[in-house]
Amino acid sequence: SNPAFVDALRSRDPKKRFENVWRVCKPKMVCEKEETAEQEEGPSGDVKKIKYNHGGCGNPQPEIRREGLRLTGTVKASKGEDREEGQQPEKKPITPQMALNIFRNISTEDIKLMGLSNDYARPEWMILTVLPVPPPPVRPSIAVDGANGMRGEDDLTYKLGDII
207 SNPAFVDALR
217 SRDPKKRFEN
227 VWRVCKPKMV
237 CEKEETAEQE
247 EGPSGDVKKI
257 KYNHGGCGNP
267 QPEIRREGLR
277 LTGTVKASKG
287 EDREEGQQPE
297 KKPITPQMAL
307 NIFRNISTED
317 IKLMGLSNDY
327 ARPEWMILTV
337 LPVPPPPVRP
347 SIAVDGANGM
357 RGEDDLTYKL
367 GDII
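Quick note: the sequence shown uses this note's numbering, first residue 207, plus one each step.
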């Protein structure tokens, strides 16, 4: 429907297509509700227009900022009659679980349109959900200074203990 988006999809190289789609979608700050009207004849013979949308939710899209390892989404207050003037933008943290749920809801068709591979590069696979931990006998031990032949746990074992 959008000529710039259709032009971005013409690229055959997936990396270029992903870059072009990102460039077209970056300035969009509202998930648009595009409605199309169809006509249907009612039981009394009158013609009614039925509206269908493409699935957009109409919500404003947050401006995402990274602060260290944390992501925050800021939604600017819209200027409308139902909003108070001088209202502050709403800041919400984006948790890894929220990002994972968003990525899981991307359809296979949209993944291909973006230039990603459904078989090798699904977006939800880019978030670690399982951390493989080697068993203690496999982890390397380190020599402790000043002790006669004593072995200690390595840094990895201590870090895994912190995580668990």
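Ideal Cβ positions, reconstructed from N, Cα and C, are used throughout, including at glycine. Only a predicted model underlies this, so the values are computations on that prediction, with no experimental measurement involved.
Per DSSP, the bridge partner or partners of residue i
i    : result
E330 : Partner(s): none; E330 has no beta bridge.
R276 : E273
E238 : None; E238 has no bridge partner.
V281 : E296
P268 : BP columns for P268 are empty, so no partner.
Nearest candidate by alpha-carbon position, reference residue i, set the options
i    : options                : result
C263 : R276, E238, E269, R272 : E238
T301 : K234, C231, I312, R271 : R271
N307 : M332, V212, A283       : M332
A305 : P329, A214, P209       : P329
With 16 other Cβ atoms within 10 Å as the buried cut-off, status of residue i
i    : result
N226 : buried
M320 : buried
P233 : exposed
I362 : Per the sequence shown, residue 362 should be read as Leu rather than Ile. When all chains shown are included, L362 counts as exposed.
Span of the alpha helix (DSSP H) around residue i
i    : result
D219 : Run containing D219: none; DSSP gives neither H nor E here.
K318 : 314 to 320
Other residues of its chain near residue i: CB distance less than 7 Å, five sequence neighbours each side excluded
i    : result
R276 : P299
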